[in-house]
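The numbering of the sequence shown is our numbering, which starts it at 19 and goes up by one. The beta-carbon is built from N, C-alpha and C at its ideal position, and this holds for glycine as well. Have a look at the structure below before the remarks.
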Amino acid sequence: MDVRHFELQDLLAEALIALEAGNHAAVETALKKALAWVEHDWLATPGEIRLAADGPAMSDDDEDD
């Protein structure tokens, strides 16, 4: 079961809690962390995609593209 989306949910919850508290600096920090997570995990190139949450990256020696 792939549960990586829970990491993103936690980061966004952190931002919402900070927003409710009126801590705009913490909101900015939490949103930057969430964006970095999305860029790393969801926008990775095929050679960077992880096969499992803690597993190795796929090899990029597939030349079918």
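Checklist entry - Contact check, Glu25 vs Trp55 under 8 Å by CB: the rounded distance? => result For the purposes of this step, residue 25 is taken as residue 7 along the sequence shown, with counting starting at 1. For the purposes of this step, residue 55 is taken as residue 37 along the sequence shown, with counting starting at 1. The pair is a contact, with the Cβ atoms about 6 Å apart (cut-off 8 Å).
Checklist entry - From His58 to Gln27, what does the alpha carbon distance come to, in whole angstroms? => result Locating residue 58 in the sequence shown gives position 40, counting from the first residue. Locating residue 27 in the sequence shown gives position 9, counting from the first residue. Cα to Cα, His58 sits roughly 15 Å from Gln27.
Checklist entry - Which word fits Ala153, buried or exposed, when buried means at least 16 other C-beta atoms lie within 10 angstroms of its C-beta? => result The question about residue 153 has no answer here: the residues shown for the chain are numbered 19 through 83.
Checklist entry - Is Leu34 helix, strand or coil when you go by DSSP? => result Counted from its first residue, the sequence shown places residue 34 at position 16. Helix, per DSSP.
Item to check | Inter-residue Cα distance where the pair is Ala39 and Ala52 | outcome: Numbered from its first residue, the sequence shown carries residue 39 at position 21. Numbered from its first residue, the sequence shown carries residue 52 at position 34. Each residue's Cα considered, the two are about 19 Å apart.
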